[in-house]
Amino acid sequence: EAAIFALEKGRTSYTDNRGLLRLRREISKYVAGLFGPEYDPAEEILVTVGVSEAVDIALRAILNPGDKVLYHEPCYVSYAPSVTLAGGEAIAVGTRPEDDFALDTSAFEEAWEPGCKALLLNFPTNPTGGTADRKKLESLARFAVEKDLLVISDEIYAELTYESEHVGIASLPGMRERALLLHGFSKAFAMTGFRIGYACGPAELIEAMMKVHQYCMMCAPILSQEAAVEALVHGADDVARMKEQYRRR
Numbered sequence: 001e002a003a004i005f006a007l008e009k010g011r012t013s014y015t016d017n018r019g020l021l022r023l024r025r026e027i028s029k030y031v032a033g034l035f036g037p038e039y040d041p042a043e044e045i046l047v048t049v050g051v052s053e054a055v056d057i058a059l060r061a062i063l064n065p066g067d068k069v070l071y072h073e074p075c076y077v078s079y080a081p082s083v084t085l086a087g088g089e090a091i092a093v094g095t096r097p098e099d100d101f102a103l104d105t106s107a108f109e110e111a112w113e114p115g116c117k118a119l120l121l122n123f124p125t126n127p128t129g130g131t132a133d134r135k136k137l138e139s140l141a142r143f144a145v146e147k148d149l150l151v152i153s154d155e156i157y158a159e160l161t162y163e164s165e166h167v168g169i170a171s172l173p174g175m176r177e178r179a180l181l182l183h184g185f186s187k188a189f190a191m192t193g194f195r196i197g198y199a200c201g202p203a204e205l206i207e208a209m210m211k212v213h214q215y216c217m218m219c220a221p222i223l224s225q226e227a228a229v230e231a232l233v234h235g236a237d238d239v240a241r242m243k244e245q246y247r248r249r
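Here the UniProt record's numbering is used: position 14 in the sequence shown is 14, and no number is missing along the way.
#1: Considering only C-alpha positions, which residue in the set Met242, His234, Leu180 is nearest to glutamate 38?
#2: To the nearest angstrom, how far is the alpha carbon of phenylalanine 143 from that of glutamate 8?
#3: Using the three-state DSSP reduction, which class does tyrosine 162 fall into: helix, strand or coil?
#4: Consider the Cβ of asparagine 122: report whether some Cβ of chain D lies at a distance smaller than 8 angstroms.
#5: So what does DSSP say about aspartate 56, is it helix, strand or coil?
#6: Below 8 angstroms between beta carbons: does that hold for isoleucine 156 and glycine 184?
#7: If we count the other Cβ atoms within 10 Å of its Cβ and call it buried at 16 or more, is glutamine 245 buried or exposed?
#8: Between which two residues does the beta strand (DSSP E) harbouring cysteine 116 extend?
#9: In whole angstroms, what separates the C-alpha of glycine 66 from that of alanine 92?
#10: How is the alpha helix (DSSP H) around threonine 105 delimited, first residue to last?
#11: Can the beta-carbon of leucine 160 be found closer than 8 angstroms to that of leucine 103?
#12: When the Cα atoms are used, what is the spatial distance from leucine 223 to phenylalanine 5?
#13: Residue range of the beta strand (DSSP E) that lysine 29 falls in?
#14: Can you tell which of Asp40, Gly36, Ala158 has the C-alpha that lies nearest to the C-alpha of valine 239?
#15: Exposed or buried, what is lysine 135 when buried is set at 16 or more other beta-carbons lying within 10 Å of its beta-carbon?
#16: The alpha helix (DSSP H) spanning lysine 136 covers which residue range?
Listed below in structure tokens is the structure:
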């Protein structure tokens, strides 16, 4: 309804490249409540055309030719191709069904090699549903600090965690300055077709991503941004209701 109202009012222009400021303010409040860290809406949040764009432009912003990125499999289909398209080398780390596809730091340590620049994580994981508890994330965080890796953390399914509390990796000691949180509206808010995501992280990294974003996308669609504001302000009950329906299924 918010998107329809905005259309009827003629709100069909471009927005700030970073996204509507009032949307970024609402994102900042929402992220602080769900993930812990507080991000400056003016400099540390970028609204993207879905999380897929956020993954793409983050990799293009940080990678030089030949840089390597660790990621885990099975995974969302775009991760490895996005690394390749950015000129990097994707290094796959397997997860196992007998371990509930849990993220194992020792496997990442074994796969690490010189030239690794980033660690790309997704938890809860698409397609396996595997997740990571605080202890495992703390171990991964120590590994990232030791190897000086940027952590790109796709946590789009955070609200759909059922058997434990979701822990955002950026909330852990030493990670606020080296983690990029990716999140959006497609999953918990069931807004897949609106194509709205966002990235939260250090201002310098967000600025580098914005330079790519402004030339490849300009901005996320304003009607979708208006709908996203409405979702954050008034959508909590809808999210809770859908989550319960998914649990019953």
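The beta-carbon is built from N, C-alpha and C at its ideal position, and this holds for glycine as well.
Reading it off the structure:
#1: Counted from its first residue, the sequence shown places residue 38 at position 38. Answer by Cα proximity: Leu180.
#2: Here the question's residue 143 lines up with position 143 in the sequence shown. Here the question's residue 8 lines up with position 8 in the sequence shown. Between phenylalanine 143 and glutamate 8, the C-alpha separation is close to 51 angstroms.
#3: On the sequence shown, residue 162 is found 162 positions in, with the first residue counted as 1. Reduced to three states, the DSSP call for tyrosine 162 is coil.
#4: The chain inventory of the structure shown lacks chain D, comprising one protein chain alone.
#5: The residue labelled residue 56 in the question sits at position 56 within the sequence shown. Correct three-state label for aspartate 56: helix.
#6: Along the sequence shown, read from residue 1 onward, the residue named residue 156 stands at position 156. Along the sequence shown, read from residue 1 onward, the residue named residue 184 stands at position 184. Closer than 8 angstroms, so yes.
#7: Mapped onto the sequence shown, residue 245 falls at position 245. Burial call: exposed.
#8: Locating residue 116 in the sequence shown gives position 116, where the first residue counts as 1. Its beta strand (DSSP E) spans residues 116 to 122.
#9: The residue given as residue 66 occupies position 66 in the sequence shown. The residue given as residue 92 occupies position 92 in the sequence shown. If you take the alpha carbons of glycine 66 and alanine 92, they lie about 15 angstroms apart.
#10: The sequence position of residue 105 within the sequence shown is 105, counting from 1. 105 to 111 is the extent of the alpha helix (DSSP H) around threonine 105.
#11: Counting from 1 along the sequence shown, the entry for residue 160 is found at position 160. Counting from 1 along the sequence shown, the entry for residue 103 is found at position 103. No, these two residues do not count as a Cβ contact at 8 angstroms.
#12: The residue labelled residue 223 in the question sits at position 223 within the sequence shown. The residue labelled residue 5 in the question sits at position 5 within the sequence shown. When rounded, the distance between both Cα atoms is 9 angstroms.
#13: Indexing the sequence shown from 1 puts residue 29 at position 29. Bounds of any beta strand (DSSP E) do not take in lysine 29; it lies within the alpha helix (DSSP H) bounded by 21 to 34.
#14: As a working mapping, residue 239 is identified with position 239 in the sequence shown. Comparing alpha-carbon positions, the option among Asp40, Gly36, Ala158 lying closest to valine 239 turns out to be Ala158.
#15: As a first step, residue 135 must be located in the sequence shown, where it is residue number 135. Answer is exposed; the Cβ neighbour count stays below 16.
#16: Here residue 136 refers to the residue found at position 136 of the sequence shown. Lysine 136: member of the alpha helix (DSSP H) spanning 134 to 146, first to last residue.
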